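Remarks on the structure that follows.
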Amino acid sequence: MKDLGKWQIISMLSQGMAMVLGIIQTFIIIRILSLGEWGVIQLAISIGGALGIYQHLGLVSASTREISSAENEEDIFKIFVTSSVIRYCVTLPIAIGLFFSAHYLATVLYKNVSLVIPLQIYSVTLLFQGVQGILNSVISGTKRFRALFIYQVTIAFVSILISIPLVYLYRVNGFFYAFLIFNIISSLVLSFMAFKPLKGKLLMPTTKDFKRLFKDIFSISIAIYIIKIIYTNWEKLGSNALGLFNSTEVVAIYAFAMLYAKKLMSISDSVTTVNIPIFSEKYVRNLNEFRDLFEKNFNKLFSLIVFSGAFASYFAPFVIKILVGGDKYNATLPLIPPMIFTFILYSFINLISSSVMIPAKMAKSMIVSYLFLIIGSVLAFLGMYKFIPLLSAVSWAMTFGSFICLIFMIYWVRKRMKFMFFNIDHAAILVQAFSISVLCVFPSLEIKLLMFVPFAFLLASSFFIAEFVSKKDFVSWFRRFKSLLSKG
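Structure follows, in structure tokens:
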């Protein structure tokens, strides 16, 4: 449990640092380029990305799961080869097709000749990107988290060093030269990191091995791929539906509320890299220890997510005003509480998926649960839009969809795994946190600051009373954080 918590904290910090460096790089590039040049880059990325998404197939999570539960080190390279073959069966046709259709897409479809070279470079880059996720799964699956997190931050620095001079010298094409060079370097470094510790154990799979591994990997990867498609469509559901019958201003109000609330996902997303390999190994080796570790870890992450979400909503008016520099998005405030709770609930779904359902290969249960994400949202919207404002109906419908999906996941885990990790304490704390979050629309900052201490104390006390966290946990977290700072 100590190692799990330590690596989760480090993962949050490393991904946070990489994200900040990425934001810095983006803003520097925006300052160098004209608005039109930046638009060309975004269009090329959008076209390439729309095709590139089809190469993923959920293989990274599936490969991580298989590698972390492999019986011996010789199987690791066999899993890598099998996953790579599956990946490149999709990546190669996409890359070749994009390369040779770049001229048509640029000059005929988009009528912008400056897109030709960026799209051709992007197509070549896809060949290097294709292997990176699988290499990542080798490193995380063998639990070499320290090396992986150091790489994430270091490569973000490298990206800045490559991109800025090339963009300055070659403008739009320079961005894509840098993009290609960056991905070549990333692939080479990840290959070295992944395979150096496996020297002497790099055995190719036999035909029998390949068929067995293909079945094991593909069965869970296709499920992950399907739920990613479902999630993407669910996330875009509100904006797409509103856009059919309303102005772009209405869509912007809703989209901004979602953008603000979705930042909460960074907590559950950042621990996925650690959770899949650790819980996959525990599930295979010791089921009782797996259940105990998951329940304790879930309660701690539940506490962090709920506390962060409640006060992200509570202080939303002032955070948003600082970010946008005015009151033009004040209409989003009534939408913040339901959208925050949408992503609080979805964060739990994300944790259950990565920590229980993927390790336990509960593919069908996962897909069915995610279907209710969309079904619940659509039915809730149809039942509410005539009685409450349209934007509120869409926001609350998203919350209801998350709630239904979570309920079904809890049900499937209880039925399949024979344990219950979500109880009346969790529900009561969620009600308490929601009571704090609805104060989002209250305008007085002075009163909110005054009431923050008692509200925070009461919510934090609930975590202690429910025994989700303890004084010992806080002492341990402080020591780890202090240790990280001293090493830095």
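So the sequence shown is residues -1 to 486, counted in the numbering used here. Think of the CB as a built atom: it goes at the ideal place given N, C-alpha and C, for glycine as much as any other residue. Treat the numbers as computed from the prediction; the structure is a model and nothing was measured.
- Cβ atoms of Leu113 and Ala42 come within 8 angstroms of each other, at about 6 angstroms.
- In this structure, Ser81 keeps its C-beta atom at 8 angstroms or more from the C-beta atom of Ile7.
- The residues Ala259, Met396, Thr397, Ser400, in chain order, have a CB closer than 7 angstroms to that of Thr340 in the same chain once the five nearest residues on each side in sequence are set aside.
- Here Val467 carries a coil assignment [DSSP, helix/strand/coil].
- Leu349 and Cys438 have their C-alpha atoms spaced approximately 27 angstroms apart.
- Judged by DSSP secondary structure, Asn297 falls within the alpha helix (DSSP H) whose first and last residues are 285 to 312.
- Comparing C-alpha distances from Ser237 to each of Pro315, Ala391, Ile220 shows the shortest one belongs to Ala391.
- In this structure, the beta-carbon distance from Ile338 to Val304 does not fall below 8 angstroms.
- With a 10 Å radius around the Cβ and a threshold of 16 neighbouring Cβ atoms, Tyr368 comes out buried.
- Gly37 is the residue among Asn244, Ser460, Gly37 whose C-alpha sits nearest the C-alpha of Asn110.
- Where Arg412 is concerned, the enclosing alpha helix (DSSP H) starts and stops at 388 to 415.
- Residue environment analysis places Gly56 among the buried positions, since at least 16 neighbouring C-beta atoms fall within 10 angstroms of its C-beta.
- Secondary structure note for Asn181: its alpha helix (DSSP H) is the uninterrupted segment 143 to 193.
- Note on geometry: alpha-carbon atoms of Tyr229 and Ile158 lie some 31 angstroms from one another.
- A Cβ-Cβ contact shorter than 8 angstroms links Trp232 with Ser375.
- Close CB contacts of Pro116 within its chain, under the 6 angstroms cut and outside five residues either way in sequence, are with Ala42, Phe174 (chain order).
- Of the residues Asn171, Leu186, Phe147, the one whose Cα lies closest to the Cα of Gln127 is Leu186.
- Under the three-state reduction of DSSP output, Tyr344 falls in the helix class.
- For Glu444, the number of other beta carbons within 10 angstroms of its own is below 16, and it is reported as exposed.
- Contact between Met355 and Ser363 holds, since their C-beta atoms are separated by about 6 angstroms, short of 8 angstroms.
- Taking the Cα of Val79 as reference, the smallest distance to any Cα among Thr204, Asp423, Thr123 is reached at Thr204.
- In the three-state reduction of the DSSP assignment, Thr62 falls in the helix class, which pools H, G and I.
- Ranking Gln430, Thr152, Phe296, Met418 by CA distance to the CA of Phe466 puts Phe296 first.
- Non-local C-beta neighbours of Ile365 in its own chain, meaning closer than 7 angstroms and more than five positions away in sequence, comprise Ala221, Ile224, Ile225, ordered along the chain.
- 8 angstroms or more divides the Cβ of Val83 from the Cβ of Ser135.
- Going by DSSP, Leu96 is part of the alpha helix (DSSP H) stretching over 72 to 102.
- Following the DSSP letters along the chain, one finds Asn134 inside the alpha helix (DSSP H) bounded by residues 114 to 139.
- Inside the segment 226 to 286, DSSP marks whole alpha helix (DSSP H) runs of 4 or more residues at positions 246 to 260, 263 to 283, from first to last along the chain.
- In this structure the segment 246 to 254 does not lie against the segment 285 to 292, because fewer than three pairs of beta carbons, one per stretch, are closer than 8 angstroms.
- In the three-state reduction of the DSSP assignment, Asn110 falls in the coil class.
- For Phe190, the closest alpha carbon among the candidates Gln130, Met15, Ala239 is that of Gln130.
- Approximately 14 angstroms separates the beta-carbon atoms of Leu262 and Ser301; this is outside 8 angstroms, ruling out the contact.
- Ile179 and Ala154 have their alpha carbons spaced roughly 13 angstroms apart.
- Under the 8 angstroms Cβ criterion, the segment 143 to 150 does not count as touching the segment 200 to 217, having fewer than three qualifying pairs.
- The C-alpha of Phe420 is placed about 40 angstroms away from the C-alpha of Phe193.
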